[in-house]
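Accompanying notes for the structure given below.
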Amino acid sequence: MNSSMLSFGQFPQKRMRRLRRDQFSRRLVQETHLSTDDLIYPVFVLDGKNRTENIASMPGVMRQSLDILMVQAEKCLELGIPALAIFPVIDSDHKSLTADEAANPDGLVPRVVRQLKAHFPELGIITDVALDPYTSHGQDGLIDENGYVMNDETVAVLNQQALMHAQAGADIVAPSDMMDGRIASIRNTLDSHKLIHTRILAYSAKYASSFYGPFRDAVGSSANLGASNKYTYQMDPANSDEALWEIGLDLQEGADMVMVKPGMPYLDILSRVKDQFRAPTFVYQVSGEYAMLKAAAMNGWLNEESCVLESLLAFKRAGADAILTYYAINAAAWLKREL
Ligand code: PBG
C-alpha cells in the first residue's frame with residue numbers, strides 16, 4: 013500500500029493552504045522576488061533648459077530637459093535604481109530623410125550622456141540605437157523610393173550612432189531597430205575603436221505592437237509615421253518560434269543581453285526565451301502598458317501600487333532579469349517602504 017492509497021477517501025488529500033496560512037511561511041516559500049536591482053528607468057529628454065512637457069497619453073511621465081533630468085537621475089541613485097534608458101525628443105528641424113542628426117557627436121544624446129556620466133559615474137546609462145527620432149518619416153531606418161526600410165544602409169548609420177553614444181560614455185547601447193546583422197556590425201565597430209567594455213542590449217524579440225502608441229506621441233514620431241507601420245522589420249505578434257530564432261542570432265552576433273518587448277502580452281515569449289538560452293533577458297513594460305495601468309488607476313478602477321508591483325513581479329516569474337518600466341521610480345519607492 014502506498015501513501016496515496018492510505019489517504020484515499022480522506023478530504024482533502026493534501027492541504028496546499030497550510031503554507032499560505034501565515035506570512036512567515038508565505039515568505040519562506042516565495043519563489044521569485046522583485047527588487048529595485050531589477051529596474052531600469054526610461055526617460056524622454058528634450059533640448060533646452062528648465063523645460064518639461066506633459067505627455068497626454070502617459071500621465072505622470074514627462075519630456076524633460078537635461079537640467080531637470082539630472083534631478084531625476086539623482087533620485088534614481090538614491091533609490092538604488094541601477095540604470096537609466098535615454099530616449100531623445102528631437103526638434104523637427106533636425107529630422108531628415110537621412111537621419112544625419114543621429115550620428116552628430118554634439119547632438120542631444122551624446123551631450124546628455126556626457127553630463128550624466130560626469131556627475132553620476134556609477135549610474136548605468138543605456139542609449140537607444142534606432143533612427144526613428146531622427147527621420148522625417150518616423151521609421152527606424154532609411155527608406156527607399158517605395159518607403160521600404162533598407163537594411164544594410166540603415167545598419168551603416170546605426171554603427172555611427174552606436175559608436176558616437178559609446179564614445180560619449182554610454183555603458184550600454186541598445187539597438188531597438190530590428191535590422192538584420194546590426195549586432196555583429198555594431199560589436200565590430202565598437203571593438204575596432206577599442207570600446208570593448210560597451211555592452212550591447214539587443215532588442216531581439218521586438219514585436220510590431222500597437223502598445224507603442226503613447227511612446228510615439230512622447231518622442232513625436234507618430235505624426236511623421238502617419239498611417240504607415242513597422243511590419244517589414246518588427247515581429248508579427250502571432251509568432252513565437254521566430255523570437256527564439258532572433259534571440260539566438262543576436263546572442264551569436266555578440267549581444268550581452270537580450271530583450272523581449274512589449275512585456276505583459278508577451279510573457280510566454282519571455283518564458284521561452286529564458287528557458288531556451290539562460291542569457292540575461294530583459295523585458296520592456298512599454299508605454300501602452302503604462303497607459304493602461306495609469307488610466308485604470310486614475311479612474312479608481314485598479315489599485316495602482318499593488319497592480320504595478322504584481323505586473324513587475326510577473327515579469328520576474330516569467331524569467332526576466334531586468335525590467336524597463338516608466339514606473340521604476342514609483343516601484344522603487346514602494347519597495348523601499350515595504351522593507
Ligand atoms: C523605437 C522604439 C519604440 C519604443 C522604444 N524604442 C517604438 C517603436 O518601435 O515604434 C517603444 C517603447 C514604448 O512603447 O514604451 N526605436
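Okay, so the sequence shown: first residue is 13 according to our numbering, each after it adds one.
All C-beta atoms, glycine included, are put in the ideal place defined by N, C-alpha and C.
{"Query": "Does Pro94 come within less than 9 Å of chain D when only Cβ atoms are used?", "Result": "Going by chain labels, chain D is absent from the structure shown, which holds only one protein chain."}
{"Query": "Taking Gln179 as the reference, which of Pro117, Met28 and Ala291 has the closest Cα?", "Result": "Pro117"}
{"Query": "At the level of alpha carbons, what is the spacing between Gln288 and Ser216?", "Result": "14 Å"}
{"Query": "Run the CB neighbour count on Leu40, radius 10 Å, all protein chains shown included, and call it buried at 16 or more, exposed below.", "Result": "exposed"}
{"Query": "Output the residue ranges of the alpha helix (DSSP H) runs that lie fully inside the stretch 18-74 and measure 4 residues or longer, sorted by chain position.", "Result": "35-41"}
{"Query": "Tell me the rounded alpha-carbon separation between Ile281 and Lys129.", "Result": "34 Å"}
{"Query": "For Met13, collect the residues of the same chain with a Cβ closer than 6 Å to its Cβ; drop the 5 residues on either side in sequence, then sort them by chain order.", "Result": "Caution applies to Met13, whose pLDDT of 48 falls short of 50 and renders its modelled position unreliable; the value that the coordinates give is listed next. None."}
{"Query": "Would Tyr146 and Glu113 qualify as a contact pair, given that the criterion is a beta-carbon distance under 9 Å?", "Result": "yes"}
{"Query": "Which residues mark the beginning and the end of the alpha helix (DSSP H) in which Asp287 is found?", "Result": "Leu279 to Phe289"}
{"Query": "Going by beta carbon distance, what residues of the same chain come within less than 8 Å of Glu43, once the five residues before and after it are set aside?", "Result": "Arg329"}
{"Query": "Between the alpha carbons of Pro54 and Pro100, how many angstroms are there, rounded?", "Result": "11 Å"}
{"Query": "Using 10 angstroms around the beta-carbon of Ala332, count the other beta-carbons present and answer buried if the total reaches 16, otherwise exposed.", "Result": "buried"}
{"Query": "Would the C-beta of Lys107 count as close to ligand 1, meaning under 8 Å from any of its heavy atoms?", "Result": "no"}
{"Query": "Using the Cα positions of Lys26 and Val167, report the straight-line distance between them to the nearest angstrom.", "Result": "58 Å"}
{"Query": "Kindly give me the distance between the Cβ atoms of Phe227 and Ser299, rounded to whole angstroms, as I take these residues to be in contact under 8 Å.", "Result": "4 Å"}
{"Query": "For Leu91, I'd like the list of residues in its chain whose CB is within less than 8 Å of its CB, leaving aside the five on either flank, ordered along the chain.", "Result": "Thr48, Ile341, Ala344, Ala345 and Lys348"}
{"Query": "By the DSSP assignment, the beta strand (DSSP E) with Lys218 in it spans what residues?", "Result": "Arg211 to Lys218"}
{"Query": "Tell me the rounded alpha-carbon separation between Gly276 and Arg199.", "Result": "Here residue 276 is Met; the residue named in the question, Gly, does not match the sequence. In a straight line, the C-alpha of Met276 is about 30 Å away from that of Arg199."}
{"Query": "State buried or exposed for Arg30, treating a residue as buried only when at least 16 other CB atoms are found within 10 Å of its CB.", "Result": "exposed"}
{"Query": "Opposite Tyr247 in the DSSP bridges: which residues?", "Result": "Strictly speaking, residue 247 in this sequence is Met, with Tyr absent from that position. According to DSSP, which records beta bridges pairwise, Met247 is partnered with Tyr219."}
{"Query": "Just to confirm, is the Cβ distance from Leu154 to Thr201 under 9 Å?", "Result": "no"}
{"Query": "Tell me whether the beta-carbon of Val231 lies closer than 9 Å to the beta-carbon of Ala255.", "Result": "no"}
{"Query": "Rounded to a whole number of angstroms, what is the C-alpha to C-alpha distance between Asp50 and Ala334?", "Result": "4 Å"}
{"Query": "Comparing alpha-carbon positions, which option in Met310, Ala196 and Lys242 lies nearest Asp262?", "Result": "Ala196"}
{"Query": "Can you find the residues in the same chain that come closer than 6 Å, C-beta to C-beta, to Phe56, ignoring five residues on each side of it along the sequence?", "Result": "Arg75, Phe99, Val101 and Ala230"}
{"Query": "Give me whichever residues DSSP pairs with Lys273 in a beta bridge.", "Result": "Lys218"}
{"Query": "Looking only at its chain, what residues have a beta carbon closer than 7 Å to the beta carbon of Lys87, apart from the 5 residues adjacent to it on each side?", "Result": "Ile341"}
{"Query": "With C-beta atoms as the reference, is Val124 less than 9 Å away from Leu143?", "Result": "no"}
{"Query": "Does DSSP classify Asp140 as helix, strand or coil?", "Result": "strand"}
{"Query": "Cβ-heavy atom distance between Arg228 and ligand 1 below 8 Å?", "Result": "yes"}
{"Query": "Going by the CB atoms, is the gap between Gln172 and Ala115 shorter than 9 Å?", "Result": "yes"}
{"Query": "Please state if the CB of Asn241 and the CB of Ser148 are separated by a distance shorter than 9 Å.", "Result": "no"}
{"Query": "Just to check, is the beta-carbon of Pro54 closer than 8 Å to a non-hydrogen atom of ligand 1?", "Result": "yes"}
{"Query": "Looking only at DSSP bridge pairs, what is Gln76 linked to?", "Result": "Val57 and Thr64"}
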